[in-house]
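Student: Dumping the structure here so I can ask a few things about it.
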Amino acid sequence: MKYLDEFRDLLRARRLLDDIKETTSRPCVIMEVCGGQTHAIVKNGIDRLLPDKIELVHGPGCPVCVTPLELIDKALAIASRPGVIFTSFGDMLRVPGSKKDLFTVKSEGGDVRMVYSPLDALRIARENPAKQVVFFGVGFETTAPLTAMAVWQAHQQQIDNFSMLVAHVLVPPAITALLNSPENRIQAFLAAGHVCTVMGWEEYIPIAEKYRVPIVVTGFEPIDILEGILMAVRQLEDGRAEVENQYARVVKREGNRPAQELIARVFQVTGRKWRGIGEFPQSGLVLRPEFEAHDAEKIFEIGQMRVEESPECISGLILQGLKKPHECGQFGSRCTPQNPLGATMVSSEGACAAYYAYHRHRTDHVEN
Amino acid sequence: MCLAIPGKVIEITEENGLPMGRIDYSGTVNTACLAYVPEVKIGQYVIVHAGFALSIIDEEEARKTLDLMGEMFPGDLGAGEEK
Ligand code: SF4
Chain A
23 MKYLDEFRDL LRARRLLDDI KETTSRPCVI MEVCGGQTHA IVKNGIDRLL
73 PDKIELVHGP GCPVCVTPLE LIDKALAIAS RPGVIFTSFG DMLRVPGSKK
123 DLFTVKSEGG DVRMVYSPLD ALRIARENPA KQVVFFGVGF ETTAPLTAMA
173 VWQAHQQQID NFSMLVAHVL VPPAITALLN SPENRIQAFL AAGHVCTVMG
223 WEEYIPIAEK YRVPIVVTGF EPIDILEGIL MAVRQLEDGR AEVENQYARV
273 VKREGNRPAQ ELIARVFQVT GRKWRGIGEF PQSGLVLRPE FEAHDAEKIF
323 EIGQMRVEES PECISGLILQ GLKKPHECGQ FGSRCTPQNP LGATMVSSEG
373 ACAAYYAYHR HRTDHVEN
Chain B
8 MCLAIPGKVI EITEENGLPM GRIDYSGTVN TACLAYVPEV KIGQYVIVHA
58 GFALSIIDEE EARKTLDLMG EMFPGDLGAG EEK
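Chain order of the listed sequences is A and B. Under the numbering used here, the residues of the first sequence are numbered 23 to 390, in order. Under the numbering used here, the residues of the second sequence are numbered 8 to 90, in order.
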């Protein structure tokens, strides 16, 4: 496929690997922020092909994994109500809440539907005026323009039976929080290319300067990831700490202005808990008060819930790059994709699921 | 979750007041909302995430990434394909 195959070319990958080997003179720790990149890295064995001096740690960039338990439990409560059609991206359906998941609600008779786009949820609302149609608005800045458009359309066209349970999270505040942590080991970041497609990369400039950390906006194909790593290593070797854009075929410095405008019109920034990690200030989005009529949290009045996290799951440490999945005692034994204890084993982009799918629990190291 | 894939815009239409496009992903055709790429033209490639085009692919930049390895790969990016 054009714009995909050529970025998976083996010869080019080899050359980049050689360049990386030649360039790297000392140990370094690089975090890929996005779960999609984690998946590509583990799938293609990039982490094993790199020189031993480079350690890749997997970041919190999996919205499915970091959606707080409270919001999952709220989703379950709303989806269980009669008269509700609860719509969601497919990857949220098996994320464990305190007691069950959305699939269980569906098997118990709840009308839970998987949709491809928030606009599909809006269409379901148009077609079912007697039902309350709720969309689970999960995702990073990449997804926020989509959910913003659905709410905006519902508002403009008075589709009163459409509402959204908003769980959006923002990437730069999470990166800042990781850098502020006393346990931080990360020396450079591969920033998530599709988040920057929407937001651009100017927000990262003050972060790179303040923390003296290279940040390379990076794509998702093997060639992209290898080039991103090479650019980060070159910066570390030269003692530079800049924002660079590896993914320029897609990401512009200023991002997508129309998308940013609608996000700002529909949402406002709020503090948000990240599952397993804790609360980061200014790291989430909620609907502005003008859109209250489409705010599922307001409409359904769920109130406070008592939530219970599985005590064995260390996904929070994994999402902060402090532990690797196979270091979890439950990995591959009690916790598998068929029977997940934590969200990082559910989402195809979760680090635990990626390690499981590509058998990282069987052999840990392969010679370069 | 942030998965987004490249596809070619082959038709531009409208639906419920929104600009929509038919997008060809090497044979599989699907619709996507074009509201965030208002300047897009038929034949251009866009990056699509969950039913929305978020960016028009810059052919020149794509070529640069591939050429960075110090070798020219003429024709790799579209010269052999009609626009
Ligand atoms: S393997 Fe399972 S229990 Fe362990 S951290 Fe990953 S999701 Fe949690």
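Glycine is no exception: its CB is placed at the ideal position from the N, C-alpha and C atoms.
Can you list, in chain order, the residues of its chain with a C-beta nearer than 7 Å to that of G105(A)? Leave out the 5 residues immediately preceding and following it.
Tutor: Your numbering for residue 105(A) matches position 83 in the first sequence. Within the same chain, G105(A) has close Cβ partners K153, Q154.
Student: My output table needs one value for C87(A): the three-state DSSP class, helix, strand or coil.
Tutor: Here the question's residue 87(A) lines up with position 65 in the first sequence. Helix.
Student: Between the C-alpha atoms of P26(B) and G112(A), what's the straight-line distance to the nearest angstrom?
Tutor: To locate residue 26(B), count along the second sequence from 1; it is residue 19. To locate residue 112(A), count along the first sequence from 1; it is residue 90. Going from the Cα of P26(B) to the Cα of G112(A) covers about 25 Å.
Student: Can you give me the start and stop residues for the beta strand (DSSP E) that W296(A) sits inside?
Tutor: Position 274 of the first sequence holds residue 296(A). Where W296(A) is concerned, the enclosing beta strand (DSSP E) stretches over 289-296.
Student: For the beta strand (DSSP E) that P303(A) lies in, which residues bound it at each end?
Tutor: As a working mapping, residue 303(A) is identified with position 281 in the first sequence. Counting along the chain, the beta strand (DSSP E) containing P303(A) begins and ends at 300-309.
Student: With 7 Å as the limit, tell me which residues of the segment 68-83 of chain A have their beta carbon closer than that to any beta carbon of chain B; keep them in chain order.
Tutor: Flagged: no residues at all.
Student: Going residue by residue through the segment 200-227 of chain A, where are the continuous alpha helix (DSSP H) segments of at least 4 residues, counting only ones entirely within it?
Tutor: Complete alpha helix (DSSP H) runs here, min 4: 215-221.
Student: Going along the chain, which residues put their C-beta within less than 5 Å of some heavy atom in ligand 1?
Tutor: Working through the chain, the matches are C335(A), I336(A), S337(A), C350(A), Q352(A), F353(A), C357(A), L363(A), G364(A), T366(A), M367(A), C374(A).
Student: Let me see if you follow: with CB-CB separation under 7 Å, is V127(A) close to chain B or not?
Tutor: Along the first sequence, one-based indexing puts residue 127(A) at 105. With 7 Å as the cut-off, V127(A) does not count as an interface residue toward chain B.
Student: With H, G and I counted as helix, E and B as strand and the rest as coil, what does DSSP make of D133(A)?
Tutor: As a working note, residue 133(A) is residue 111 in the first sequence. In this structure, D133(A) counts as strand in the three-state DSSP scheme.
Student: In this structure, how does DSSP classify F322(A) when only helix, strand and coil are distinguished?
Tutor: Your numbering for residue 322(A) matches position 300 in the first sequence. Looking at F322(A) - three-state DSSP - the assignment turns out to be helix.
Student: I want to check one thing, is the minimum distance from the CB of L363(A) to the heavy atoms of ligand 2 below 6 Å?
Tutor: This structure lacks ligand 2; its bound ligands are ligand 1.
Student: Per DSSP, which one or two residues make a beta bridge with N37(B)?
Tutor: As a first step, residue 37(B) is located in the second sequence; it is residue number 30 there, counting from the start. According to DSSP, which records beta bridges pairwise, N37(B) is partnered with I30(B).
Student: If you scan the segment 24-55 of chain A from start to end, which runs of the alpha helix (DSSP H) of 4 or more residues do you find wholly inside it?
Tutor: The qualifying runs are 32-45.
Student: Could you please give me the residues that DSSP links to H190(A) through a beta bridge?
Tutor: Looking up residue 190(A) in the first sequence gives position 168. In the DSSP output, where bridge partners are listed per residue, H190(A) has G161(A).
Student: Considering only C-alpha positions, which residue in the set K48(B), V47(B), I17(B) is nearest to N37(B)?
Tutor: Counted from its first residue, the second sequence places residue 37(B) at position 30. Closest option to N37(B), Cα to Cα, is I17(B).
Student: Using the Cα positions of D31(A) and A97(A), report the straight-line distance between them to the nearest angstrom.
Tutor: As a working note, residue 31(A) is residue 9 in the first sequence. As a working note, residue 97(A) is residue 75 in the first sequence. Roughly 42 Å between the two C-alpha positions.
Student: For P167(A) and chain B, any beta-carbon pair shorter than 7 Å?
Tutor: Numbered from its first residue, the first sequence carries residue 167(A) at position 145. Answer yes: the Cβ-Cβ gap between P167(A) and chain B drops below 7 Å somewhere.
Student: Using the Cα positions of M171(A) and I285(A), report the straight-line distance between them to the nearest angstrom.
Tutor: Walking along the first sequence from the start, residue 171(A) turns up at place 149. Walking along the first sequence from the start, residue 285(A) turns up at place 263. Using only the alpha carbons, I get a separation of about 8 Å.
Student: From I247(A), F211(A), V134(A), pick the residue whose C-alpha is nearest to that of I227(A); which is it?
Tutor: On the first sequence, position 205 is the one that residue 227(A) refers to. I227(A) has its Cα closest to that of F211(A), out of I247(A), F211(A), V134(A).
Student: Using alpha carbons as the reference points, say which of E66(B), C40(B), V53(B) lies closest to H216(A).
Tutor: One-based indexing of the first sequence puts residue 216(A) at position 194. Out of E66(B), C40(B), V53(B), V53(B) has the C-alpha closest to the C-alpha of H216(A).
Student: Does H216(A) have its Cβ less than 7 Å from a Cβ in chain B?
Tutor: Residue mapping note: residue 216(A) aligns to position 194 of the first sequence, counting from 1. It does; some Cβ of chain B falls within 7 Å.
Student: E2(B) versus chain A: which residues are under 9 Å apart at the beta carbon?
Tutor: Since the displayed chain B opens at 8 and closes at 90, residue 2(B) lies outside it and no answer follows.
Student: Output, in chain order, the set of chain B residues within a Cβ distance shorter than 8 Å of T164(A).
Tutor: Counting from 1 along the first sequence, the entry for residue 164(A) is found at position 142. Simply M8, C9, A11, H56, L61.
Student: Between which two residues does the alpha helix (DSSP H) holding A143(A) run?
Tutor: Position 121 of the first sequence, counted from the first residue, corresponds to residue 143(A). Per DSSP, A143(A) belongs to the alpha helix (DSSP H) from 140-149.
Student: Please confirm if the segment 52-68 of chain A is in contact with the segment 83-93 of chain A, defined as three or more CB-CB distances below 8 Å between the two stretches.
Tutor: Taking 8 Å as the limit for Cβ pairs, the verdict is that the segment 83-93 of chain A does touch the segment 52-68 of chain A.
Student: How close, in whole Å, do the beta carbons of L258(A) and Y233(A) come, if the pair is a contact with beta carbons under 8 Å?
Tutor: For the purposes of this step, residue 258(A) is identified with residue 236 of the first sequence, where counting begins at 1. For the purposes of this step, residue 233(A) is identified with residue 211 of the first sequence, where counting begins at 1. Going by Cβ atoms, the distance from L258(A) to Y233(A) rounds to 13 Å, so no, they are not a contact pair.
Student: Flag I19(B) as yes if its beta-carbon sits less than 7 Å from any beta-carbon of chain A, otherwise no.
Tutor: The sequence position of residue 19(B) within the second sequence is 12, counting from 1. Chain A contact via Cβ: absent.
Student: By the criterion of Cβ-Cβ separation under 7 Å, what are the contact partners of L192(A) in chain B?
Tutor: As a first step, residue 192(A) must be located in the first sequence, where it is residue number 170. Those within 7 Å of L192(A) in chain B number zero; the least Cβ separation is about 13 Å.
Student: Kindly say whether G306(A), judged by its beta-carbon, lies nearer than 7 Å to any beta-carbon of chain B.
Tutor: Reading the first sequence from its first residue, position 284 is the one you call residue 306(A). No, its Cβ sits nowhere closer than 7 Å to a Cβ of chain B.
Student: Pick out whichever of A101(A), A214(A), K121(A) has its Cα sitting closest to the Cα of G58(A).
Tutor: In the first sequence, the residue the question calls residue 58(A) occupies position 36. Here the closest residue by C-alpha is A214(A).
Student: Any idea which residues DSSP pairs D63(B) with across the strands?
Tutor: Translated into the one-based positions of the second sequence, residue 63(B) becomes position 56. According to the sequence as given, residue 63(B) is Ile; it is not Asp. Paired residues: V53(B).
Student: Using the beta-carbon of each residue, which ones in chain D are nearer than 8 Å to P311(A)?
Tutor: No chain D is part of this structure, whose protein chains are labelled A and B.
Student: With 16 other CB atoms within 10 Å as the buried threshold, where does Y377(A) fall?
Tutor: Walking along the first sequence from the start, residue 377(A) turns up at place 355. It counts as buried.
Student: For M107(A), does the three-state DSSP call read helix, strand or coil?
Tutor: Numbered from 1 along the first sequence, position 85 holds the residue referred to as residue 107(A). According to the sequence displayed, residue 107(A) carries Ile and not Met. Three-state result, I107(A): strand.
Student: By the three-class DSSP mapping on this structure, what secondary structure does L71(A) have?
Tutor: In the first sequence, the residue the question calls residue 71(A) occupies position 49. The answer is helix: DSSP assigns L71(A) an H, G or I state.
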